[in-house]
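I have placed the structure first, in the form of structure tokens, so that the comments after it can refer back to it.
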Amino acid sequence: GYLPEVRREIEHQLFQGELLGVVATTALELGIDIGTLDATILTGYPGSIASTYQQAGRSGRRGKRSLSFLVGLDGPLDQYFMHHPEALFGKPVENALLNPSNPHILHPHLLCAAYELPLAEEEQEFFGPEMIPLIQEQEQAGLLRHQKGRWYPSASLSYPAQRVNLRSTSEQAYSVVDTSQGRLLETVEAAVAFLQVHPGAIYLHQGESYLVTDLDVSGRVAYVQPTDVSYYTQPHDLTDVHIIRVIADKAEGRGRVFLGEVEVTLQVIGFRKKQQLTEEVIGKEPLDLPPYTFTTIALWFHIPPTTGIESRGLNFAGGLHALEHAAIGLLPLFALCDRQDIGGVSTPTHPDTGGPEVFIFDGYPGGVGIAEKGYELVQELWRATLELVRDCPCESGCPSCIQSPKCGNNNQPLDKEAALLILERLLRPQG
């Protein structure tokens, strides 16, 4: 979210040797060619093998020797690779995932294409059958005009590349404004605005803490002011998933797996203040924010009857919740994505099916292909998840296996042993 001029200044100082090192987000791998770095330190697994090589390769260019360190954090994927390094060095670089028919992606790119060269109907061969309906929508909106069998940009259409967000499928974003200096700090995409810049949130910008004093939902502006506090904030949210239609389903092991279109509703209902270092909860505050709803693609698996859980005094709902967290944490093994790109819901009785379900959905409107890859490789996902949870040395669950840093329910309830029983049952052959 840094403004372009801020990024350029940091790059310039590094080029000139004014800075001896830079701490950066993973965006450093994009478009910065610095040939004289001696070492790179990757704080946590970057989320994909491709990104690992890309970030490590920031050092050692121009034929010089270099060092690259990968420091494993306590997340499931990090710990999986710490214990199974062959899975990192022995696997090929992942395939990028994209759903080209996603209207949230296709809509602005059609405008860019028409701006470069007027579109003809036969170009459906390249853009797919969704092209004509979307073009007609843009024509009705006055963005394109039809003339002699082709669609041209209208006079009212400004440079359409400004409508394309390289970091998100959403055109909407919230501006973060520092009221103490009356300046724009950065922007936050709408999908995560209620989670990151709700009233009372502590927001970090360039290592400095800011308190969110107000959130203008209609104007999409978050007002902040510098603060010096010893706590951070964690949102408390509720997520509901409604099944719109089933695209595909199949029997796998003792369960049944589905792929379909779903409606996700996220409601941020409050937040916690947590002491830095000790993680002690020092306060809770309610929030009254509107729900955020979007349509996306999800996979879900129907859990078969699993005997012995309740009789052992285990928590079935906690087992489903633990399985959801661990599977989401390992899905990037099979699909080029980050844990933050995926959401999940688990419930012993889902209103649309009447039974126990675990949902994993793309965190972007329309979906980008993550759920489809998970559906395709669900057996491998289950096996890796079972291996991770079973081999973790903790007694009842930890951030390395079943706890999630983004859980809106504060990782409650969770039951590691129940999750193992459910996974073993899922993977058991039919018969």
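Residue 43 is where the sequence shown starts when you use this note's numbering, and the numbers rise one by one after that.
Note that CB positions come from ideal geometry on N, CA and C, so glycine has one too.
Since the structure is predicted, the reported quantities are computational estimates derived from the model, not experimental observations.
| said: Using the three-state DSSP reduction, which class does VAL431 fall into: helix, strand or coil? | reply: In the sequence shown, the residue the question calls residue 431 occupies position 389. Residue state, collapsed to three classes: helix.
| Near ILE444, what residues of its chain come up, given a Cβ to Cβ distance below 7 Å and the 5 sequence neighbours on each side ignored? | Working through the sequence shown from its first residue, we reach residue 444 at position 402. ALA364, HIS367, ALA368, VAL431, LEU456, LYS458 and ALA461.
| said: Distance check for ASP279 and ALA426, CA to CA, integer angstroms please. | reply: Residue numbering aside, residue 426 sits at position 384 when the sequence shown is read from its first letter. Residue numbering aside, residue 279 sits at position 237 when the sequence shown is read from its first letter. Pairing ALA426 with ASP279, the inter-Cα distance amounts to about 28 Å.
| request: Could you round the C-beta distance between GLY371 and PRO118 to whole angstroms and report it? I think they count as a contact, below 8 Å. | output: Reading the sequence shown from its first residue, position 329 is the one you call residue 371. Reading the sequence shown from its first residue, position 76 is the one you call residue 118. Going by Cβ atoms, the distance from GLY371 to PRO118 rounds to 3 Å, so yes, they are a contact pair.
| request: Go ahead and pull the three-state DSSP assignment for ASP394. | output: The residue you call residue 394 lines up with position 352 of the sequence shown. In this structure, ASP394 counts as coil in the three-state DSSP scheme.
| Which one of PHE300, ASN141 and PRO332 has the shortest CA to CA distance from ALA233? | Within the sequence shown, the letter at position 191 stands for residue 233. When C-alpha distances from ALA233 are compared across PHE300, ASN141 and PRO332, the shortest belongs to PRO332.
| Roughly how many whole angstroms lie between the Cα atoms of MET173 and ASP256? | As a first step, residue 173 is located in the sequence shown; it is residue number 131 there, counting from the start. As a first step, residue 256 is located in the sequence shown; it is residue number 214 there, counting from the start. CA-to-CA, the gap between MET173 and ASP256 works out to about 41 Å.
| Do you know how far the Cα of PRO268 is from the Cα of GLU250? | The residue given as residue 250 occupies position 208 in the sequence shown. The residue given as residue 268 occupies position 226 in the sequence shown. In a straight line, the C-alpha of GLU250 is about 8 Å away from that of PRO268.
| task | Could you tell me how far apart the beta carbons of LEU253 and VAL266 are, in whole angstroms, since I believe they sit closer than 8 Å? | result | Position 211 of the sequence shown, counting from 1, holds the residue named residue 253. Position 224 of the sequence shown, counting from 1, holds the residue named residue 266. Beta-carbon to beta-carbon, LEU253 and VAL266 are separated by about 6 Å, close enough to satisfy the 8 Å threshold.
| Length at least 3, wholly inside the region 136-209: the beta strand (DSSP E) runs in chain order | Every beta strand (DSSP E) stretch that sits fully inside the region 136-209 and reaches 3 residues is listed by chain position as 186-189 and 192-195.
| request: For LYS415, name the three-state secondary structure that DSSP assigns. | output: Residue mapping note: residue 415 aligns to position 373 of the sequence shown, counting from 1. In this structure, LYS415 counts as helix in the three-state DSSP scheme.
| query | So the alpha helix (DSSP H) TYR122 belongs to, where does it begin and stop? | reply | Translated into the one-based positions of the sequence shown, residue 122 becomes position 80. For TYR122, the uninterrupted alpha helix (DSSP H) run begins and ends at 118-125, by DSSP.
| message | Assuming contact is defined by CB atoms lying nearer than 9 Å, are VAL299 and VAL420 in contact in what I supplied? | response | As a first step, residue 299 is located in the sequence shown; it is residue number 257 there, counting from the start. As a first step, residue 420 is located in the sequence shown; it is residue number 378 there, counting from the start. Yes, the Cβ-Cβ distance between VAL299 and VAL420 is below 9 Å.
| message | Rounded to the nearest angstrom, what separates GLN227 and LEU185 at their Cα positions? | response | Within the sequence shown, the letter at position 185 stands for residue 227. Within the sequence shown, the letter at position 143 stands for residue 185. Here residue 227 is Leu; the residue named in the question, Gln, does not match the sequence. Approximately 31 Å between the Cα atoms of the pair.
| task | Would you grab the beta carbon distance between GLY408 and ILE147 for me? Rounded to a whole angstrom, and I think it's under 8 Å. | result | Here residue 408 refers to the residue found at position 366 of the sequence shown. Here residue 147 refers to the residue found at position 105 of the sequence shown. Confirmed, about 7 Å.
| query | Straight-line CA distance for GLU167 to ALA92? | reply | Translated into the one-based positions of the sequence shown, residue 167 becomes position 125. Translated into the one-based positions of the sequence shown, residue 92 becomes position 50. The alpha-carbon atoms of GLU167 and ALA92 are separated by roughly 30 Å.
| field | Which residues DSSP lists as bridging PRO328, in chain order | value | In the sequence shown, the residue the question calls residue 328 occupies position 286. According to DSSP, which records beta bridges pairwise, PRO328 is partnered with GLY312.
| message | Rounded to whole angstroms, what is the Cα-Cα separation between PRO374 and ARG354? | response | What you label residue 374 is simply residue 332 of the sequence shown in a count that begins at 1. What you label residue 354 is simply residue 312 of the sequence shown in a count that begins at 1. One C-alpha to the other measures close to 33 Å.
| request: Report the three-state DSSP secondary structure of LEU62 (helix, strand or coil). | output: Position 20 of the sequence shown, counting from 1, holds the residue named residue 62. Looking at LEU62 - three-state DSSP - the assignment turns out to be coil, as it is neither helix nor strand.
| DSSP state of THR335, grouped into three classes? | Within the sequence shown, residue 335 is the residue found at index 293, counting from 1. Residue state for THR335 is assigned as strand, using DSSP reduced to three classes.
| Are the region 56-68 and the region 110-130 touching by the rule of at least three beta carbon pairs closer than 8 Å? | Result no; under three Cβ-Cβ pairs closer than 8 Å.
| Cβ neighbours of HIS284 in the same chain (closer than 6 Å, five flanking residues each side left out) | As a first step, residue 284 must be located in the sequence shown, where it is residue number 242. Answer for HIS284: GLU305, listed in chain order.
| query | Quick one, which of GLU429, CYS436 and PRO441 has its alpha-carbon nearest HIS126's? | reply | Residue numbering aside, residue 126 sits at position 84 when the sequence shown is read from its first letter. Ranking GLU429, CYS436 and PRO441 by Cα distance to HIS126 puts GLU429 first.
| Taking GLN318 as the reference, which of ARG103, SER272, TYR334 and HIS344 has the closest Cα? | The residue labelled residue 318 in the question sits at position 276 within the sequence shown. Here the closest residue by C-alpha is SER272.
| Alpha-carbon spacing of PRO435 relative to LEU356, whole angstroms | If you number the sequence shown from 1, residue 435 lands on position 393. If you number the sequence shown from 1, residue 356 lands on position 314. Computed Cα separation, rounded: 19 Å.
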